[in-house]
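Residue numbers (the working numbering), protein chains in the order written: chain X, 5 to 798; chain L, 6 to 268.
All C-beta atoms, glycine included, are put in the ideal place defined by N, C-alpha and C.
Have a look at the structure below, then the notes.
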Ligand SMILES: Cc1cc2nc3c(=O)[nH]c(=O)nc-3n(C[C@H](O)[C@H](O)[C@H](O)COP(=O)(O)OP(=O)(O)OC[C@H]3O[C@@H](n4cnc5c(N)ncnc54)[C@H](O)[C@@H]3O)c2cc1C
């Protein structure tokens with residue numbers, strides 16, 4: 005009999021007990037013997053030359069141990085922070101990779117750039133001393149907006165990067181696309197900005213660097229989503245320390261949303277400084293610092309055109325995007341507006357020709373990198389916005405234009421013109437389910453009811469698809485990734501039948517300790533309670549590529565299954581030996597081995613015990629122990645997809661937008677824990693709605709100061725900004741992994757912005773408004789209403 | 006936060022004395038404006054003189070046509086006071102709309118007024134209801150108390166002990182919150198008092214002010230259907246959340262809502 009708490013059960017999250025009772029162990033909760041504290045001196049300027057640094061006063065302050073600068077790092081031959089993905093311009097030249105020193109040398113390039121590191125006995129003492137470090141700057145003009153930074157004469161962020169252009173990249177068939185436009189009956193055009201976001205994980209970043217002279221080993225405790233990746237990047241490229249001498253621990257991590265994937269300067273500085281000063285050093289970011297130093301997200305400006313025949317059938321899509329990289333190339337920055345973006349521009353449609361041109365630009369702002377969805381929300385937003393504008397221009401219903409263009413389920417697997425092969429999905433079905441749930445047919449009545457209360461009502465759709473489970477190493481490698489993208493797992497039976505699973509995925513809110521244990525419980529027939537999931541420590545886990553791109557269950561989960569398969573196979577041999585038969589005659593089901601001939605059985609726990617107490621194992625054919633590793637490299641991406649339907653109401657006197665209803669229909673393939681999946685969808689929708697209505701990272705265009713640098717000015721979505729979500733799933737299993745899973749972590753953040761903004765534009769369309777930039781704040785909507793009214797009056 | 010010494014006097018007189026004897030002392034009430042500023046090192050007092058141990062600063066009294074609120078009374082106590090709800094329900098509405106439950110459970114009316122953040126709520130109540138700020142030295146009429154951006158008539162070391170609100174015939178408060186901080190983009194207190202109609206606007210300008218044109222319009226008919234003159238955008242704040250013209254527009258909308266809700 006199958007055990008409860010296996011695949012498909014809404015098991016309560018085991019990790020929540022420690023999280024909600026304050027017993028989690030986050031990096032800042034860890035205190036090492038003799039620990040000291042670090043504080044960074046950061047640039048107050050967006051662009052400046054460093055003329056001199058004088059630490060004399062700081063060094064004389066009580067408890068101050070050292071003040072380290074970029075010059076010290078240069079002297080120690082410390083490398084720059086690397087970028088993990090090589091993108092080539094359309095002329096074949098490699099992207100520009102200017103140096104990214106962990107501590108600035110001669111120049112600072114964004115407000116918050118690290119200038120010096122102060123180590124002292126207390127945190128406040130380090131901060132006091134940091135205030136006393138005298139840095140003589142010569143301020144320079146800053147390039148702030150990416151489009152402006154491309155213009156001739158714009159200030160240069162890096163002297164060796166002409167025109168601030170990192171790369172000028174293209175994707176798709178240009179000639180074929182141009183041809184499609186020639187034959188078009190109608191072309192819809194749209195210019196959109198994808199607003200820059202600050203990730204705002206609830207736990208600010210922190211790092212502890214420790215060095216043991218006896219073993220010549222370093223330990224870094226850090227808030228990361230992928231400790232092995234940090235070990236590799238920091239060890240090989242920055243500190244030149246072999247992996248064997250470097251341990252990276254990512255304990256409990258309070259949210260990442262992408263911002264904790266990257267190798268940050270502070271990690272390298274505390275680790276290097278630990279050896280240099282002989283101190284164990286803790287650095288904990290405060291919230292203001294986190295606004296100024298965590299990699300930001302999005303920040304695209306795009307012009308898109310959609311060519312159609314007279315029936316609204318899509319013939320071609322042409323997209324030109326300018327993407328800000330910020331001041332330096334963060335770890336995966338280059339891949340986000342390219343391979344994670346343009347490859348998704350087909351969406352759910354059978355558009356035969358697509359061309360994208362992307363210019364990545366350096367600006368004097370915080371580096372921009374992957375943030376929940378990473379490139380895919382930008383692609384979805386462009387596509388779903390232009391499709392609804394096209395419907396309006398073609399006088400087609402927004403559902404009808406989609407129906408005419410959706411890729412039919414029968415066409416799967418489907419090769420898009422932007423190089424992805426969708427394996428599965430029934431897009432039209434999701435649309436049907438979504439429209440029915442949302443009572444699309446009854447919208448007119450609801451609009452009338454709203455109008456009676458002086459409110460404008462709109463309905464918007466978004467039919468999204470994303471490439472997740474990142475990714476097949478071969479594909480990523482061919483596209484310029486400098487790492488493989490498999491995942492590793494180890495499943496270890498203990499003699500008395502409990503199991504520890506070591507996974508290279510990392511959980512920072514996703515609930516892996518629960519859902520992974522469910523998978524193992526089902527596969528091995530071991531009670532859920534007897535399974536422990538371990539993650540986040542390079543000394544304990546064989547290897548790992550970490551958690552991002554909704555890859556944990558689809559890649560990490562499958563790696564665990566593969567290790568389980570090896571366990572079962574080994575166990576079969578042991579059972580055959582004990583039951584005095586051969587392995588091919590032994591069945592395994594629900595944790596029990598059975599000799600088909602004799603019907604004699606043995607539980608997997610008994611097998612495990614025998615494995616560790618092998619009193620009569622034949623030496624040359626049976627190895628003791630029950631502990632297996634697997635590396636899993638997927639054959640393809642997974643393609644979660646769905647249909648979101650949003651209704652908004654707009655107050656005409658204030659311009660306030662409120663979400664009247666939100667329906668999400670998602671196809672995540674097979675679902676391991678429905679409750680966790682629902683939570684992931686809620687969170688993603690919250691972030692997507694946040695982007696659409698509230699969140700906006702604003703820099704002063706002259707000075708490059710971050711204006712929205714705290715919660716006083718950066719509007720995070722709160723519970724009362726969100727409706728009660730109606731979510732459901734349709735399950736079309738992924739065809740190329742054994743679990744049939746597609747992943748669910750990013751969907752909400754990818755699909756929601758377009759649904760909300762389509763609803764806002766739908767509400768405003770009767771007034772002649774065809775577009776509004778995110779976030780649709782009351783001020784923005786009111787201004788749009790004002791100009792529309794003025795136009796009508798003229 | 007930098008180091009400081011902490012004192013917790015039991016009386017107003019002791020607090021004032023302690024303040025006078027220290028180089029850079031600061032009173033501490035709920036700490037919900039002062040502590041964030043200290044954490045950001047925008048403020049680094051040598052001594053914090055905590056007023057929360059002083060009984061005389063606490064409590065709500067209704068007498069002789071006035072509601073008197075002790076300076077140390079929290080926003081939550083005001084929001085949930087049955088006595089205030091009966092006499093000036095708009096004050097409860099206002100207090101209940103400040104920040105979040107944590108802020109309301111700590112923040113005080115005295116701290117809010119002494120701080121005089123241009124986007125805070127209470128100044129609209131004090132000015133709109135024609136209240137009197139009572140200190141350890143004197144009484145200050147609302148019209149004389151607020152001096153613009155974070156400035157008040159309080160002298161160095163002067164302690165607000167209470168605020169006296171004359172009970173109006175009717176008053177209503179409406180706030181349009183800034184989406185990030187939820188302080189006021191525009192907050193309007195509209196009151197029909199014995200001495201006439203008073204309309205005070207917070208959030209829109211560099212400090213709370215009376216909207217005399219709207220007062221005039223409401224004087225003939227204190228009703229939501231009254232025709233209100235458009236507020237001028239001149240001198241109003243403009244930031245990433247709301248331009249001056251939008252704020253001017255919202256003054257009209259919030260004034261109407263305030264009147265409509267008046268009780
Ligand atoms: C997250 C958050 C949201 C908030 N939202 C709002 C909002 O929506 N609307 C709003 O109006 N406010 C808001 N506030 C501010 C809050 O209301 C504060 O509590 C208030 O402004 C200050 O009151 P306090 O008692 O905390 O004073 P403190 O912070 O302790 O002191 C503030 C200042 O007043 C001085 N002071 C205190 N008491 C006295 C006294 N009796 N006599 C003389 N001087 C004194 C102090 O020395 C200090 O300079 C918010 C605060 C936070 C943290």
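By the criterion of a C-beta distance shorter than 6 Å, residue 637 of chain X is surrounded in its chain by 477 and 490, once the five residues flanking it on both sides are discounted. For residue 115 of chain L, the Cβ falls inside the 8 Å cut-off from some heavy atom of ligand 1. Cβ atoms of residue 426 of chain X and residue 258 of chain X stay farther apart than 8 Å, at about 34 Å.
By the neighbour-count definition (other C-beta atoms within 10 Å, threshold 16), residue 110 of chain X is an exposed residue. Residue 756 of chain X sits buried, since 16 or more C-beta atoms from the chains shown fall within 10 Å of its C-beta.
For residue 119 of chain X, the nearest beta carbon of chain L is not closer than 9 Å to its own beta carbon.
Runs of the beta strand (DSSP E) spanning 3 or more residues and lying entirely within the stretch 341–394 of chain X occur at 357–366, in chain order.
Note on geometry: alpha-carbon atoms of residue 126 of chain X and residue 40 of chain X lie some 6 Å from one another. Considering only X:764, X:552, X:121 and X:134, the residue with the shortest C-alpha distance to residue 653 of chain X is X:764.
By the criterion of a C-beta distance shorter than 6 Å, residue 133 of chain L is surrounded in its chain by 194, 196, 203 and 205, once the five residues flanking it on both sides are discounted. Any Cβ of chain X closer than 9 Å to the Cβ of residue 194 of chain L would place that residue at the interface, and such an atom is absent. Taking a Cβ-Cβ threshold of 9 Å, the residues of chain L close to residue 702 of chain X are 245, in chain order. For residue 94 of chain L, the uninterrupted alpha helix (DSSP H) run begins and ends at 94–101, by DSSP. One Cα belongs to residue 225 of chain X, the other to residue 33 of chain X, and the distance between them is close to 11 Å. Using a CB distance cut-off of 9 Å, residue 705 of chain X does not count as an interface residue toward chain L. Not a single heavy atom of ligand 1 lies less than 8 Å from the C-beta of residue 166 of chain X.
Just measuring C-alpha positions, the residue of X:465, X:743 and X:338 sitting nearest residue 12 of chain X is X:743.
Look at residue 121 of chain X here: in three-state DSSP terms it is strand. When DSSP reads this structure, residue 665 of chain X sits in a beta bridge with X:651. The Cβ atoms of residue 735 of chain X and residue 719 of chain X do not sit closer than 9 Å to each other. Only residues of its own chain outside the window of five on either side were considered, and among them 71 have a CB closer than 7 Å to the CB of residue 63 of chain X, listed in chain order.
Between ligand 1 and residue 671 of chain X, a heavy atom-to-CB distance of less than 8 Å is absent. For residue 783 of chain X, the closest Cβ of chain L is nearer than 9 Å. Assigned with DSSP and collapsed to three states, residue 718 of chain X falls in coil, not helix or strand.
Residue-level contact by beta carbon holds for residue 6 of chain L and chain X, with a gap shorter than 9 Å. Its Cα nearest to that of residue 355 of chain X, the residue X:407 stands out among X:407, X:338 and X:375. Sequence-distant Cβ neighbours of residue 418 of chain X in its own chain, meaning closer than 6 Å and more than five residues away, are 411 and 426. Taking CB atoms only, residue 297 of chain X has no neighbour in chain L less than 9 Å away. Counting C-beta pairs closer than 8 Å gives fewer than three between the stretch 202–217 of chain X and the stretch 326–346 of chain X, which falls short of the contact rule. Listed in chain order, the positions of the stretch 709–730 of chain X with a beta carbon within less than 7 Å of a beta carbon of chain L are 711, 712, 715, 716, 717, 718 and 719. In this chain, the alpha helix (DSSP H) harbouring residue 482 of chain X covers 477–482. If you check the C-beta of residue 85 of chain L against ligand 1, you find no heavy atom less than 8 Å away.
The Cβ-Cβ distance between residue 721 of chain X and residue 694 of chain X falls below 9 Å. Contact annotation for residue 181 of chain L against chain X: 658, 660 and 782 [CB-CB distance below 9 Å, chain order]. With a cutoff of 8 Å, residue 56 of chain L counts as near ligand 1, since its C-beta is closer than that to a heavy atom of the ligand. Residue 244 of chain L has its Cβ no nearer than 8 Å to any heavy atom of ligand 1.
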